[in-house]
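Chains as they are written, first to last, in numbering that gives the first Met the number 0: chain A, 0 to 100; chain B, 0 to 337; chain C, 0 to 164. Built from N, CA and C at the ideal position, the CB exists for glycine as well. A quick note: this is a predicted structure, and the numbers were derived from the prediction, not measured. Structure first, then comments.
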Amino acid sequence: MIISLNHYLVLAALLFSIGVAGVLTRRNAIIIFASIELMMNAVNLAFVAFARHWGDVGGQIFVFFIIAVAAAEVAVGLAIIVVLFRHRETVNIDKVNLLKW
Amino acid sequence: MIPTSLTPYLPLLISVIYTAGVVGFVFLFVLFANWWERKVSAHMQDRLGPMETGGWHGWAQALADAIKLLLKEDIIPAAADRKLFKLAPYVVFTGSLAGFAVIPFGAGLIGTDLNIGLFYVVAVSSMVVIGILMAGWASNNKWALYGAMRSAAQMVSYEIPVALSLLIPVIMTGSLSMQEIVAAQEGGFWHWFVFRSAPFSLIAFVIYFWASLAEVNRTPFDIPEADSELVAGYFTEYSGMRFAMFFLAEYGNMFIVSAIAATVFLGGWQPLLPALDFIPGPIWFVGKAMFLVFIQMWLRWTLPRLRVDQLMHVCWKIFMPFAFANLMLVGLWQVLVQ
Amino acid sequence: MEAFFFLLLAVVSIFSGLMVILQKSPVASVLFLVLTLVCVAALFVMLSAPFIAAIQVIIYAGAIMVLFLFVLMLLNLQRFTEGAWSRFQITGVVVAAVLAVVTALLLRAVPLPADSGFLRETPGLGSVEAVGLSLFTEYLLPFEIASFLLLAGIIGAVILSRRRP
């Protein structure tokens, strides 16, 4: 069996779908966040696989930027969760419905 | 003498033997360092330390301790998260042992000369933090949790000055491969990176050494396991074999940070003077690393422990700006010289 | 050999990915995410991107996940496991399954060039040199923008989590 681009893409698609399922089914803000990270990693995997396929380092550079953005996003996101917890004593996002009509 | 049908498996055999040798070396080092630390601390306090076990200066004390730990009852606290509690020592120990794969003991004596060697060590050592957090959390004990949180904060912060100061020899070599960094320092101690393009690399060496003390939780940065306030930090609840794993990882890390300092700043396995090259490389390398380990022990009995706020102050307000400025100046220096 | 390692890593990463969303306790979930990240890093090495793999382990597993665990332990969120699942649980699973099937079908339908092996063999593809050169020439502007984004992230996190008197 020769491993080619398609195998990596299928794996990335599966991981991405698992992340989507996590975001849609869980209510704990931290686990939703973890699922988003899972989706980002699936995308990273696809980028690196494409970089390998076309022999172009550009895909890897994109992964570098995605990781940088993920770091900034996690720092701010977790700060929001901490503030949320201080105010409402919960991280269940169904209970955070102040702006919902 | 070796049948030709076996020749394809020869590299595999060699790497298996090498791996076994390195693991054996780690165990021997930990036994020796344990005894040595007792002796060093005893003599610094005008005591004798272990004298009875085994005869000559209590040489078998560490061995006896190891056997005692192996035979001890394995206790898991009732309120602990059993799975995580069992897993944590292995994560910490693996993270520590994995670093040895790229430590260059001699001219050809390296597990694998990765082209991202130095970066790899930083990467695997960052996995140790996860294991420590697991241990502290799973113990379900407030001392353990405090220790783990302090340790995580400390190790994540100090990784930055460590990485920044390791970049300076990398800039001077133009490679991250351990063997190439060693090869670039050939010919006498004045070619070692500590003394070349001084004072930048000297500052980098000093910052690396201090920050690496924080990475391995040694005094004066041992607040995660400060015995007088936190019992023993994140491994308070561990006993027997599981405690021994943490102990192995801790001393293994002591050797790794010293070995990296020896590799990138002190010429690795290169002799002190070119005339002394009849002494084999591994002896030079282990000797240099052991000297740095000795300095770590020396500092332990010389300096008081820092407070948490002082620790963060030192890292973010002193080491970080100096390491950054240093890095920029070395870059400028390299551009101007070439 | 390559196929074996790919299958092993793929199975482990999918298993741990599933455990991320199936575990009740957030700490276990985040630890399984660490396992997934390490598997993906190993796949990066197989795709000749060792530098990116090291970055992944250092930044993701070593820093971001530590931040997750830190927040979980700081807030002691382990207590909050009630109401773990959404009301739209079944819908969510169906949507994700449809997404997976559609993506798989699309991958089959789009004729990707060269179904056997990779298209090009580029020596030194993911080396530090190649990544660095590309990053500091072609992608210099995005690099600077990313650094500004990180600065904004730091300031945002500090301001958000500061206790107001």
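Option in Phe-61(A), Met-39(A), Gln-59(A), Phe-84(A) with minimal Cα separation from Val-70(C): Reading the third sequence from its first residue, position 71 is the one you call residue 70(C). Of the listed residues, the one whose Cα sits closest to Val-70(C) is Phe-84(A).
Within a Cβ cutoff of 8 Å, which residues of the same chain sit near Pro-103(B), ignoring the five residues on either side of it in sequence? Position 104 of the second sequence, counting from 1, holds the residue named residue 103(B). Cβ neighbours of Pro-103(B) beyond the five flanking positions: Ile-109, Asp-112, Met-177, Gln-178, Val-181, Thr-262, Gly-267, Trp-268, Phe-284.
Assuming contact is defined by CB atoms lying nearer than 8 Å, are Leu-23(A) and Phe-31(C) in contact in what I supplied? Here residue 23(A) refers to the residue found at position 24 when the first sequence is read from its first residue. Here residue 31(C) refers to the residue found at position 32 when the third sequence is read from its first residue. Taking 8 Å as the Cβ cut-off, Leu-23(A) and Phe-31(C) do not qualify as a contacting pair.
Whole-angstrom distance between Ile-54(C) and Leu-46(C), CA atom to CA atom: On the third sequence, position 47 is the one that residue 46(C) refers to. On the third sequence, position 55 is the one that residue 54(C) refers to. For Leu-46(C) and Ile-54(C), the gap between their C-alpha atoms comes out near 15 Å.
Gly-57(A) and Ser-133(C) closer than 8 Å at C-beta: Residue 57(A) sits at position 58 when you count from the first residue of the first sequence. Residue 133(C) sits at position 134 when you count from the first residue of the third sequence. The Cβ atoms of Gly-57(A) and Ser-133(C) sit closer than 8 Å to each other.
Using the C-alpha atoms, what's the distance from Arg-195(B) back to Trp-338(B)? In the structure as shown, chain B begins at 0 and stops at 337. Residue 338(B) is therefore absent and cannot be evaluated.
According to DSSP, simplified to helix, strand and coil, what is Arg-26(A)? As a first step, residue 26(A) must be located in the first sequence, where it is residue number 27. DSSP places Arg-26(A) in the coil class of the three-state scheme, outside both helix and strand.
Asn-91(A) - partner residues in DSSP beta bridges: Taking the first residue of the first sequence as position 1, residue 91(A) is located at position 92. For Asn-91(A), the beta-bridge partners assigned by DSSP are Asn-27(A).
At least 3 beta-carbon pairs within less than 8 Å: the stretch 28–43 of chain B vs the stretch 287–298 of chain B: The answer is yes - the stretch 287–298 of chain B touches the stretch 28–43 of chain B, with three or more Cβ pairs under 8 Å.
Going by CA-CA distance only, name the one from Phe-14(C), Arg-162(C), Leu-140(C) that's closest to Cys-38(C). What you label residue 38(C) is simply residue 39 of the third sequence in a count that begins at 1. Nearest of Phe-14(C), Arg-162(C), Leu-140(C) to Cys-38(C), Cα basis: Phe-14(C).
Distance check for Ile-222(B) and Ile-317(B), CA to CA, integer angstroms please. Your numbering for residue 317(B) matches position 318 in the second sequence. Your numbering for residue 222(B) matches position 223 in the second sequence. Each residue's alpha carbon lies about 19 Å from the other.
Which residues, taken in chain order from the stretch 64–76 of chain C, show a beta carbon closer than 9 Å to some beta carbon of chain A? So the close ones are Met-64, Leu-66, Phe-67, Phe-69, Val-70, Leu-71, Leu-73, Leu-74, Leu-76.
Nearest chain C C-beta to Ala-50(A) closer than 8 Å, yes or no? As a working mapping, residue 50(A) is identified with position 51 in the first sequence. At least one chain C Cβ lies under 8 Å of Ala-50(A).
If the cut is a Cβ gap below 7 Å, which residues of chain C does Tyr-207(B) touch? Counting from 1 along the second sequence, the entry for residue 207(B) is found at position 208. Going along chain C, no residue has its Cβ under 7 Å from Tyr-207(B), so there is no contact; the nearest lies around 17 Å.
Distance, Cα to Cα, Ala-69(A) vs Ala-52(C)? By one-based count along the first sequence, residue 69(A) stands at place 70. By one-based count along the third sequence, residue 52(C) stands at place 53. Each residue's Cα considered, the two are about 15 Å apart.
As assigned by DSSP and simplified to three states, the class of Trp-136(B): As a first step, residue 136(B) is located in the second sequence; it is residue number 137 there, counting from the start. Here Trp-136(B) sits in helix by DSSP.
Helix or strand or just coil, what does DSSP make of Lys-316(B)? What you label residue 316(B) is simply residue 317 of the second sequence in a count that begins at 1. In the displayed model, Lys-316(B) falls within a helix according to three-state DSSP.
For the stretch 0–32 of chain C, enumerate the residues whose C-beta is nearer than 9 Å to any C-beta of chain B, in chain order. Answer set for the stretch 0–32 of chain C: Ser-24, Val-26, Ala-27, Leu-30.
DSSP-derived helix/strand/coil call for Lys-71(B): Here residue 71(B) refers to the residue found at position 72 when the second sequence is read from its first residue. Lys-71(B): coil per DSSP, three-state reduction.
Count the other C-beta atoms from every protein chain shown that fall within 10 angstroms of the C-beta of Gly-54(B), then say buried if there are 16 or more, exposed otherwise. As a first step, residue 54(B) is located in the second sequence; it is residue number 55 there, counting from the start. Exposed: under 16 other Cβ atoms inside 10 Å.
Could you tell me whether the Cβ of Asn-96(A) comes closer than 8 Å to any Cβ of chain C? Locating residue 96(A) in the first sequence gives position 97, where the first residue counts as 1. False, the Cβ-Cβ gap to chain C never drops below 8 Å.
Could you check the C-alpha separation between Ala-40(C) and Val-193(B) for me, to the nearest Å? In the third sequence, residue 40(C) corresponds to position 41, counting from 1. In the second sequence, residue 193(B) corresponds to position 194, counting from 1. The straight-line gap from Cα to Cα measures roughly 33 Å.
Does Phe-135(C) come within less than 8 Å of chain A when only Cβ atoms are used? Residue mapping note: residue 135(C) aligns to position 136 of the third sequence, counting from 1. No, Phe-135(C) lies away from the interface with chain A (no Cβ there is under 8 Å from its Cβ).
For the stretch 142–191 of chain B, which segments carrying the alpha helix (DSSP H) assignment without a break, of at least 4 residues, lie completely within its bounds, in sequence order? Segments of the alpha helix (DSSP H) lying fully in the stretch 142–191 of chain B: 177–182.
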